Amino acid sequence: MKTKLLIALSFLGIYFQASGQNFLDKYIQEGLENNLTLQEKNISLQQSLLALQTAKSYYLPAVDFGVLYNLASGGRTINVPIGDLLNGVYATLNQLTESNQFPQLNNISEQFLPNNFYDARIRVSMPLINPDLKFQKQIRTQQILVNEYDLAIYKASLIQDIKTAYFQFCTAHKAIEVFESSKELVERNLKDNQSLLKNGKGLPASVLRAEAEVENINALLIEAYNKKKNASYYLNFLLNKNLEANVEFEEPRIDLDDLHQALQEEPSQQRPEQKQVQTFKSIKETQLVQSKNYWVPRLSTFADFGSQAFDFEFNNQSRYAFFGLNLAFPLFQGGRSRHQIQQSQFEIEKIQFQENLLDQKLAMDLKMAKNEVLSKQAALKSSEIKLNSSLAYLRLVDRGFKEGSNSLIEFIDARNQYTQASLQQTINTYGLLISQANLERQLSFETY
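Heads up: the sequence shown runs through residues -20 to -1, 1 to 428, numbered per mature numbering (1 follows the signal peptide of the UniProt record, and there is no 0).
Here you go:
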């Protein structure tokens, strides 16, 4: 079977080598370097790394500088009757001492709101007991893994998409070659019928039928060119290049031994998709533990060093230092903590179902990918037989048509059979390559 498959693909110029495709490898590398979605996911990974650094920073003291300045007029006041209390005493003292050493005082009315008052301070604060900081650090660390797995998943999918797009481009390219070759046959047939009609040996209907066949091939060529152009557009889109950028065609190179070995392989380790779901589960478990620690008191400390005074005075009396502790202990929250615990438990159960579903889906995808490769191999072998038969039949009918023993309808039918067989051979060849790329995606854990 393998030998026949080799002969079949060699008929179309398909080479089987262990080395990779030069152009395809180049396009894959360009995609990994320039794809916009991949760049976006790289940014998300960098953001998660910064988020971890932010979570770690909460363990360190925080230093802030603040200034408060007040201007006030009116409002509540406090009256101090100093004059009423002391002026009589001062007058008596002045009489006894026969002097004016004790002046008369006015009553004082002081407003509560400070006017032209400033308070400038440096505050140093630091958490002493806060389990939330530890859990947030763990969650940020796990989130980095989630983004790393997401990046790996997209890279593998991008490689598969680039391969598929390139093979679709090659399919259209080879289809154009098939239609061009068929066009030469029908154009030659048209000339022969026109010559026969001119010499009085042909029929006008034969010429009209030949002209219709030429137009049909031209329509198929236009369709193939458009498919080739669309495939190149999509490939350039994946590579983040100008959509009109040229795409180089290269004959595919496949290692049949590697393909056969891939059909026998089973995953020996977990896929990034599975690891990502497990990491999501770990995050929810961490959040559950965090919710259960709601009863742990939160203790923090702070120290203020500053100056406060009226009229922007700054002296020994205005300077101050202030130290304090903040303790928060939940007593009653309306059952919020209990509800959060239940929500976290439900989230873990949901992810467990998702994990089981993912395992089943990946196993199914792998089996389907292997079956697809086997189907494409069988289809390729069948198309090789049909191609050889249709080519031999076309040669016989073509010779018979020239000799007059075969009709135009028989020639057109033979030509159509050959064209369809050639086209199907091309489709099956690149269909096998596309199915191989899908199988590699299902089996490969690091395809970049």
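A virtual CB, placed ideally from N, CA and C, is assigned to each residue, including glycine.
Treat the numbers as computed from the prediction; the structure is a model and nothing was measured.
Check, Outcome
"Contact check, LEU51 vs ASP99, beta carbons under 7 Å", "no"
"Chain-order list of residues whose beta-carbon lies under 6 Å from that of residue 474 (same chain, five-residue window excluded)", "No answer is possible for residue 474: it lies beyond the span of the chain, which begins at -20 and ends at 428."
"Which residues DSSP lists as bridging ALA145, in chain order", "According to DSSP, which records beta bridges pairwise, ALA145 is partnered with nothing at all."
"Any non-hydrogen atom of the ligand NAD within 6 Å of GLN250 CB", "In the structure shown, the ligand NAD is absent, as is every other ligand, since no ligand is present at all."
"Test item: CB-CB of SER271 and GLN320 under 7 Å", "yes"
"Cβ neighbour criterion (16 or more within 10 Å) applied to LEU93", "exposed"
"Sequence-distant residues of its chain with Cβ nearer than 7 Å to THR406 (five each side left out)", "LEU(-9), THR151, LYS154, ALA155, VAL158"
"Per-residue burial, SER162 [other beta carbons within 10 Å of its own, 16 or more giving buried]", "buried"
"Nearest to ARG379 (by Cα), restricted to the options SER369, GLN357, LEU367, ALA394", "ALA394"
"Rounded separation between TYR(-6) and THR409 - CA only", "With a pLDDT of 42 at TYR(-6), under the threshold of 50, the predicted position of this residue should be treated as unreliable, though the coordinate-derived value follows. Straight-line Cα distance between these residues: approximately 11 Å."
"Backbone secondary structure at ALA35 - three-state DSSP", "helix"
"Residues near TYR274 by beta carbon distance below 7 Å, same chain, minus five either side", "PRO310, SER317"
"C-beta atoms of ASN15 and LEU177 nearer than 7 Å", "no"
"Straight-line Cα distance separating ALA190 from ASN226", "35 Å"
"Beta-ladder partner(s) of TYR300, from DSSP", "GLY286"
"Identity of the residue in ARG375, GLN91, THR72 nearest GLY55 by Cα", "GLN91"
"For ASP44, three-class secondary structure by DSSP", "strand"
"Unbroken stretches of the alpha helix (DSSP H), 4 residues or longer, contained in the region 209 to 244", "236 to 244"
"Distance, PHE115 Cα to LYS264 Cα", "11 Å"
"Inter-residue Cα distance where the pair is LEU367 and TYR398", "7 Å"
"Burial state of TYR300 (16 or more Cβ within 10 Å)", "exposed"
"DSSP bridge partner residues for TYR98 (one or two, in chain order)", "TYR49, ALA289"
"VAL166 and VAL194 closer than 7 Å at C-beta", "yes"
"Three-state secondary structure (DSSP) of SER280", "strand"
"LEU311, DSSP secondary structure in three states", "coil"
"Residue(s) in a DSSP beta bridge with residue 429", "Because the chain in this structure spans residues -20 to 428, residue 429 falls outside the shown range and cannot be described."
"GLN84 and ASN59 closer than 7 Å at C-beta", "no"
"Nearest to ILE23 (by Cα), restricted to the options ASN86, GLU128, GLY46, ILE102", "GLU128"
"Boundaries (first-last residue) of the beta strand (DSSP E) holding GLU10", "Run containing GLU10: none in the beta strand (DSSP E); it sits in the alpha helix (DSSP H), 2 to 14."
"Local Cβ density within 10 Å of ASN175, reported as buried at 16 or more and exposed below that", "Before going on, a small fix: residue 175 reads as Ser here, not Asn. So SER175 counts as exposed."
"With 16 other Cβ atoms within 10 Å as the buried cut-off, status of PRO61", "exposed"
"Residues near ALA204 by beta carbon distance below 8 Å, same chain, minus five either side", "ALA152, ALA155, ILE156, PHE159"
"GLU111, DSSP secondary structure in three states", "Looking at the sequence shown, residue 111 is not Glu but Pro. Residue state, collapsed to three classes: helix."
"Residue(s) in a DSSP beta bridge with ILE88", "VAL60"
"Coarse secondary structure for ARG251, derived from DSSP in three states", "coil"
"7 Å Cβ cutoff met for PHE97 and PHE290", "yes"
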